[in-house]
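Asks:
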Amino acid sequence: MSLTSLQSLTDMLSAALHQPDQRQQLISEFQQIIWNSDLPTSWEFEVLRDLAYDLDFYEPDVKLSAEDASFFGDERFEEEINAALRKLGV
163 MSLTSLQSLT
173 DMLSAALHQP
183 DQRQQLISEF
193 QQIIWNSDLP
203 TSWEFEVLRD
213 LAYDLDFYEP
223 DVKLSAEDAS
233 FFGDERFEEE
243 INAALRKLGV
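With the first letter of the sequence shown counted as 1, position 62 gets the number 224 in the numbering used here; the numbers rise by one all the way through.
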């Protein structure tokens, strides 16, 4: 399976949801794939591109996320991922 397949990317997002201790690493890998790969131009990959951008504002440290209103923590992280997966029918 290609690293840039829709399935592998949604699996990575699901893993980030279910493995909080791995979130930052998985999201970093997800964003690098999205930004550095020649992905197809389809609505599914557009959903993932939008999510990759939004995840730039994820900050798991509550003190740091409180410093700037544009940052968000784990609850919104989970909402953002779940919303994207629902759009994709996963």
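Glycine is no exception: its CB is placed at the ideal position from the N, C-alpha and C atoms.
Locate the alpha helix (DSSP H) running through Tyr215, then write down its first and last residues.
Replies: Walking along the sequence shown from the start, residue 215 turns up at place 53. Counting along the chain, the alpha helix (DSSP H) containing Tyr215 begins and ends at 205–216.
Asks: Per DSSP, which one or two residues make a beta bridge with Phe234?
Replies: Within the sequence shown, residue 234 is the residue found at index 72, counting from 1. Tyr220, per the DSSP bridge assignment.
Asks: Contact defined as beta carbons within less than 8 Å: I believe Glu242 pairs with Leu217. What is the distance between those atoms, to the nearest angstrom?
Replies: The residue labelled residue 242 in the question sits at position 80 within the sequence shown. The residue labelled residue 217 in the question sits at position 55 within the sequence shown. Sure, about 7 Å apart at Cβ, within 8 Å.
Asks: Taking all protein chains shown into account, do 16 or more other C-beta atoms lie within 10 angstroms of the C-beta of Arg185, making it buried, or fewer, making it exposed?
Replies: In the sequence shown, the residue the question calls residue 185 occupies position 23. By the neighbour-count rule (16 or more Cβ atoms within 10 Å), Arg185 is buried.
Asks: Label Tyr215 either buried or exposed according to how many other C-beta atoms from any shown protein chain fall within 10 Å of its C-beta, with 16 as the threshold for buried.
Replies: Taking the sequence shown and counting its residues from 1, the one referred to as residue 215 is at position 53. It counts as exposed.
Asks: Mind checking whether Ile189 and Ala177 have CB atoms under 7 Å apart?
Replies: For the purposes of this step, residue 189 is taken as residue 27 along the sequence shown, with counting starting at 1. For the purposes of this step, residue 177 is taken as residue 15 along the sequence shown, with counting starting at 1. Not in contact: Ile189 and Ala177 (Cβ atoms no closer than 7 Å).
Asks: With Glu191 as the anchor, note down where its alpha helix (DSSP H) starts and where it stops.
Replies: Here the question's residue 191 lines up with position 29 in the sequence shown. Note, Glu191: alpha helix (DSSP H), 185–198.
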